[in-house]
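**Student:** If you want this note's numbering, it's the position in the sequence shown, counting the first as 1, plus 407.
Glycine included, each C-beta is placed from N, C-alpha and C at the ideal position.
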Amino acid sequence: MAFTKYTKEELGGQAVNYLYTTLTSTISGSDMTIPVSDTSDFPDGSSGIDTIFIDDECILYSSKTPTTFVVSQRDYGDRLGGGQTHTINTLVRQEPEASQWNRVCENLADAVAAMDDAKYIPRDISYPFEINQNWVGYDLPAVRFLNATKVTIVGAAIAAVYPAAGDVTFSIRDTANGGGSGFNLTISSGDYVGESSMDNSLSLTSDYAYINVVSAGSLSMFTITIFYKVYL
408 MAFTKYTKEE LGGQAVNYLY TTLTSTISGS DMTIPVSDTS DFPDGSSGID TIFIDDECIL
468 YSSKTPTTFV VSQRDYGDRL GGGQTHTINT LVRQEPEASQ WNRVCENLAD AVAAMDDAKY
528 IPRDISYPFE INQNWVGYDL PAVRFLNATK VTIVGAAIAA VYPAAGDVTF SIRDTANGGG
588 SGFNLTISSG DYVGESSMDN SLSLTSDYAY INVVSAGSLS MFTITIFYKV YL
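#1: Assuming Thr431 and Val478 form a contact by the criterion Cβ under 8 Å, report the distance between their Cβ atoms to the nearest whole angstrom.
#2: Based on DSSP bridge pairs, tell me the residues matched to Gln480.
#3: Determine, using beta-carbon pairs with one atom in the segment 456–465 and one in the segment 478–492, whether at least three such pairs fall under 8 Å.
#4: Is Asp457 near the ligand GTP, going by C-beta to nearest heavy atom under 7 Å?
#5: Per the contact definition of three or more C-beta pairs closer than 8 Å, is the segment 554–569 in contact with the segment 597–606?
#6: Can you tell me whether Ile631 is helix, strand or coil according to DSSP?
#7: Do you know whose CA, among Ser453, Asn619, Thr428 and Ser454, lies nearest Gly641's CA?
#8: Residues in the same chain with beta-carbon distance under 6 Å from Thr547, minus the five sequence neighbours each way, listed in chain order, please.
#9: Please determine, among Ala571, Phe552 and Ser437, the residue with the shortest C-alpha to C-alpha distance to Gly488.
#10: Got a sec, what are the start and stop residues for the beta strand (DSSP E) Tyr615 sits in?
#11: Can you name, in chain order, every residue of its own chain whose Cβ lies under 8 Å from the Cβ of Thr458, other than the five neighbours on each side?
#12: Tell whether a beta-carbon distance below 8 Å holds between Ile538 and Val499.
#13: Any idea what DSSP makes of Gln507, helix, strand or coil?
#14: Measure from the alpha carbon of Ser453 to the alpha carbon of each residue in Lys471, Asp445 and Ser610, then state which is nearest.
#15: Looking only at its own chain, which residues have a Cβ that is under 6 Å from the Cβ of Gln540, when we skip the five neighbours before and after it?
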């Protein structure tokens, strides 16, 4: 199935297509046929480099039927030490081309520039990995600001390549590990785009802003844009 993502009006209303389907039964780490609900929009596998992703596992496939992928290598790239078990109804996805990912990020940057006569300055931070329950209570890599004493963060937005599987909430903080002051940013289950209110006033106490994971379903390949003012 092809997902067509229409951004919110303020993100330019552009569409970006992504491919996904779901497992129709649980598979083990050694299964070489992947049963899914629909393969019709996916490449046929003849290129020799066609892959799908299930959770964190990359799988190389050589052909397909209307409802299966015929696998040539599990754990393609040897990142996980072998094939993994995946449960029924898990998302099976094709990683987007870099150009698609860049369009999502560019939409956010354009949105910021159009807001309130460029009153807000954007700071984009991209995360090409998966957030899940294991991240709850932990920080993403901190965001450093020069002349941070002159920075006031007013809000944040998020754009994802794949829809969130369950609500995912982040907290933008002035102190590590969820301490100090801050505000929340949530992307709802099934959504590609989320935003906080834009009337926050978070002054930094150091050169860093911290993004703490408050609650997590699952979310992979996303960018968070922090909106801030600089007082010169």
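**Tutor:** With the structure as the only source:
#1: Rounded, the Cβ-Cβ distance is 15 Å, inconsistent with contact.
#2: Leu467
#3: yes
#4: Ligands are entirely absent from the displayed structure, and the ligand GTP is therefore not among its contents.
#5: yes
#6: strand
#7: A query on residue 641 cannot be resolved here, the shown segment of the chain reaching from 408 to 639 and no further.
#8: Note that residue 547 corresponds to Leu in the displayed sequence, not to Thr. Taken in chain order, the residues that qualify are Ile618.
#9: Ser437
#10: Tyr615 to Ser622
#11: Answer for Thr458: Cys465, Ile466, Leu467, Tyr468, Tyr483, Gln501 and Glu502, listed in chain order.
#12: no
#13: Note that Gln507 scores a pLDDT of 49, beneath 50, so its modelled location is shaky; the value from the coordinates is reported in the next line. Gln507: helix per DSSP, three-state reduction.
#14: The residue with the shortest Cα to Cα distance from Ser453 is Lys471.
#15: Ala623
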